[in-house]
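Worksheet: the structure to be examined is printed underneath.
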Amino acid sequence: MDFLGTIKLVFRTLLARKGRSFLTILGIVIGVAGVIIIIALGAGAQSLILGQVTKLGSNLLSVSPGGGNKNGPPSAVYGVTVTTLINSDADLLRSKTQVPHATAVCAMVRGSASVAWQNKSVDTNFMGTESSYSNVVNFTMQEGQFLDQQQEQGNANAVVLGSTVATELFGGTGVDPIGQVIKVKNSSQTQPGGIPLRVIGVITPRGSSFFQDNDDQIFLPLVLGQEQLLGIHYLNAINIKVDSSDNITQTVADVTRVLNQSHHIQKDVDADFTVYNVADALSVLSTITNALSLFLTAMASISLVVGGIGILNIMLATVAERTREIGLRKAVGATNSAIMRQFLLEAGALTFLGGVIGIIIGMIVSYAISLVMNYLGYDWAFVISITSILLAISVSILTGVIFGLYPALKASKLNPIDALRYE
Amino acid sequence: MSLIEVENLKKNYVNDEVITHVLHDINFKIDEGEFVAIMGPSGSGKSTLMHILSFLDRPTSGTYKFEEENIKGFDDDYLAKLRNEKIGFVFQSFNLLARTTVLDNVRLPLVYSKNKDMDKLAEKALEAVGLSHRLEYFTNQISGGEKQRVAIARALVNNPAVIFADEPTGNLDSKSGNTVMFLLQKLNNDGHTIILVTHETDTANHAKRIIKIKDGEIISDEKVHHRTIAKEDADLVK
Chain X
1 MDFLGTIKLV FRTLLARKGR SFLTILGIVI GVAGVIIIIA LGAGAQSLIL
51 GQVTKLGSNL LSVSPGGGNK NGPPSAVYGV TVTTLINSDA DLLRSKTQVP
101 HATAVCAMVR GSASVAWQNK SVDTNFMGTE SSYSNVVNFT MQEGQFLDQQ
151 QEQGNANAVV LGSTVATELF GGTGVDPIGQ VIKVKNSSQT QPGGIPLRVI
201 GVITPRGSSF FQDNDDQIFL PLVLGQEQLL GIHYLNAINI KVDSSDNITQ
251 TVADVTRVLN QSHHIQKDVD ADFTVYNVAD ALSVLSTITN ALSLFLTAMA
301 SISLVVGGIG ILNIMLATVA ERTREIGLRK AVGATNSAIM RQFLLEAGAL
351 TFLGGVIGII IGMIVSYAIS LVMNYLGYDW AFVISITSIL LAISVSILTG
401 VIFGLYPALK ASKLNPIDAL RYE
Chain U
1001 MSLIEVENLK KNYVNDEVIT HVLHDINFKI DEGEFVAIMG PSGSGKSTLM
1051 HILSFLDRPT SGTYKFEEEN IKGFDDDYLA KLRNEKIGFV FQSFNLLART
1101 TVLDNVRLPL VYSKNKDMDK LAEKALEAVG LSHRLEYFTN QISGGEKQRV
1151 AIARALVNNP AVIFADEPTG NLDSKSGNTV MFLLQKLNND GHTIILVTHE
1201 TDTANHAKRI IKIKDGEIIS DEKVHHRTIA KEDADLVK
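Here is the structure:
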């Protein structure tokens, strides 16, 4: 029998047993859908991370207090307060002769704050920073302006609101936030009151990055944040913008040298600060995502193997059930290889069908996930690569052929006389 | 020229080191156009003989020449090809494919010979057995007698050199059985060689020659003097 004839026969046979055929391929459907979803999630996460880079601005270095592995988390993660990074460090790094490729240097402190306007009060995060923040991080102003150098140096009572905070305080009141005076206090401070600050600008919504809502934040002058809200004299971070990606390595070395000198550090292992290359950190993060999706894909593949065993089981039952048919086909001239081909194709067609259904389900679910993620404010792309589809289809067909091989072989080896007599 | 010639044909089965001698020293010739009944009680070896003659099985020793050629040297695939091109089968239990139409059942042998005129030939064969009106019926929608007629059409469709009918009336009432025998006699009159395997004398008497087998040996090989001629059934005139 020719290939096309076999295909027709196979599909007729499978259609005649719709319910069973579907149950047989369910394992394959789930496995393939799982693989497709996980690969799509991996790709979506990658695109999210890449989006973060653009959002943060490229060519960014970040200096954190405390030593440690520069690919690991900052010391603060462990609950240790490290006070080794101070305002004068930032000033040193601004020196064009010491760090020639730094285009902007921005020191910052962070904390949580309670913000009140009239009778409304919201809890949010604050960032004490400098005017250079706008040169380091990419963002635009919705209205008003960001802190300028004068306000920063004069320690002015000015504040810039993230869009979420602006909406929460002023939304629905019809009042323009610009020029309004809000009261800001450290969240841990229990008595009423707070520092009155005048709103000078609102930042355009930026969405989330690294699971932190960038819009639920207020920005105020560094020294004000340090002295009046936190009562500290050290920094949480210094961000440095480098003029070009080619000079990042050089700048990391420059920054390290300058800080080593000012901190009197002889050996690198004694360093009480860490220079992070944001791009490096992201690439570490993508490595983690990749490894994770590879791991999850492997888990989903187990379902394919289980599905394959289901195929094996059903095909064996089918061969037993159709023993007489096999005997008859042989009697009227089917060769062993024709019988083998028929049953192999049957298994392959089953799993191919399972693969196609799995891909469709996987795509629908991945799309739904991307919709949800976008709704939650993440730049989550719906990515289905041709490679993952081809992979899923070939793996599912292969599963059918591998697990269909033994039943097909068994069918082809049946003795036609015994098969014809089989009850 | 003999169509079939067997000499000193023997068949043994070995099961758990016990050798069963099913056929001993079988010798006969069958010419083209004959209608031979191989008759014997169950266990006589007649079915085994039929399986060997129809290339479903091989003899343990002795020679079997089909169209003057010794089949000993033929491989399994070639025997499958011979079955496909030279042999038609009619079984006691019909052996039609379930969930398949009458037409598709009849086409089955042609599917394996990659015949281009499958539908035309199948329709012609079904016409010969008076089932032109049942082409698209499924095999579970027709009667037992009609099933056996479908099987005869299937045996006929590749225009074989010989049609083997193994107890073709065994599962049928006498009326349907008569129709089947009528068709076999008609095919024989049209020139087909028919080999009928049966244990019933009444059925065997439809043949022109009866080879009687008992305990694996031929006990008689005679012409039928008072041959039963099956009457044409009104069903077939449709």
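Residue numbers (the numbering used here), protein chains in the order written: chain X, 1 to 423; chain U, 1001 to 1238.
All C-beta atoms, glycine included, are put in the ideal place defined by N, C-alpha and C.
Just so it is clear, the structure is predicted and the values come from calculations on it, not from any experiment.
Exposed is the label assigned to T81(X), since fewer than 16 other Cβ atoms lie within 10 Å of its Cβ. Using a 10 angstroms sphere on the CB of T318(X), the tally of other CB atoms reaches 16 or more, which defines it as buried. Beyond the five residues adjoining it in sequence on each side, L1187(U) comes within less than 7 Å, by CB distance, of L1156, I1163 and I1194 in the same chain, given in chain order.
S412(X) and R324(X) have their C-alpha atoms roughly 13 Å apart. Annotated three-state conformation of V115(X) is strand, per DSSP. The shortest CA-to-CA distance from E1085(U) to any of S1113(U), L1053(U) and D1190(U) is the one to S1113(U).
Closest by C-alpha distance to D89(X), out of V181(X), V255(X), E143(X) and L23(X), is V255(X). Sequence-ordered contacts of the stretch 409 to 423 of chain X with chain U read P416, I417 and L420 [C-beta pairs closer than 7 Å]. Around the beta carbon of S188(X), fewer than 16 other beta carbons sit within 10 angstroms, so the residue counts as exposed. Nearest Cα to T140(X) within the set I86(X), V202(X) and V159(X): V202(X). If you compare the alpha carbons of I417(X), V356(X) and L420(X) with that of I393(X), the shortest gap goes to V356(X).
For K330(X), the neighbours in chain U by C-beta distance under 9 Å run, in chain order, L1056, A1080 and R1083.
Interface with chain X (8 Å Cβ-Cβ cutoff): D1076(U) is included.
In this structure, the straight-line span from the alpha carbon of T1228(U) to that of A1204(U) is close to 9 Å.
In this structure, DSSP gives G193(X) a state outside helix and strand, which the three-state scheme calls coil. By the Cβ rule, the stretch 380 to 393 of chain X counts as touching the stretch 31 to 50 of chain X, because three or more pairs are nearer than 8 Å.
Rounded to whole angstroms, S21(X) and V10(X) show a C-alpha spacing of 12 Å. Non-local beta-carbon contacts of L1079(U) in its own chain, meaning distances under 6 Å to residues more than five positions away in sequence, involve F1055 in chain order. Proximity of chain U to E325(X) at the Cβ level (cut-off 9 Å) is accounted for by N1095, L1097 and A1098, in chain order. Not flagged as an interface residue toward chain X: H1024(U), since no C-beta distance is shorter than 8 Å. Between T24(X) and L350(X), the CB-CB gap stays under 8 Å.
Around the beta carbon of V278(X), a 10 Å sphere encloses 16 or more other beta carbons of the protein chains shown; the residue is thus reported as buried.
Fewer than three beta-carbon pairs drawn from the stretch 305 to 312 of chain X and the stretch 58 to 66 of chain X are found closer than 8 Å, and the two stretches are therefore not classed as touching. A straight-line Cα-Cα distance of about 22 Å links F1066(U) and N1189(U). P221(X) has T129(X) as its beta-bridge partners, per DSSP. Around Q149(X), the same chain offers S131 as residues with beta carbons nearer than 6 Å, after the five sequence neighbours per side are excluded. Within the model, the alpha-carbon separation for Q46(X) versus V105(X) is close to 28 Å. For K1010(U) and K1208(U), the gap between their C-alpha atoms comes out near 25 Å.
Scanning the stretch 1 to 60 of chain X from its first residue to its last, no whole beta strand (DSSP E) run of 3-plus residues comes out. Using beta-carbon distances, G358(X) does not count as an interface residue toward chain U, since no partner is under 8 Å.
Closer than 8 Å to the CB of T387(X) there is not a single CB belonging to chain U. For G5(X), the residues of chain U that pass the 7 Å Cβ criterion are V1111, in the order they occur in the chain. Of L1110(U), E1167(U) and I1026(U), the smallest CA-CA separation from N1008(U) is found for I1026(U).
T335(X) reaches chain U at D1077 and A1080, counting residues in chain order whose Cβ is nearer than 7 Å.
Closest option to G31(X), judged by alpha-carbon separation, among M340(X), I302(X) and Y406(X): I302(X). The C-beta of A16(X) comes closer than 8 Å to at least one C-beta of chain U.
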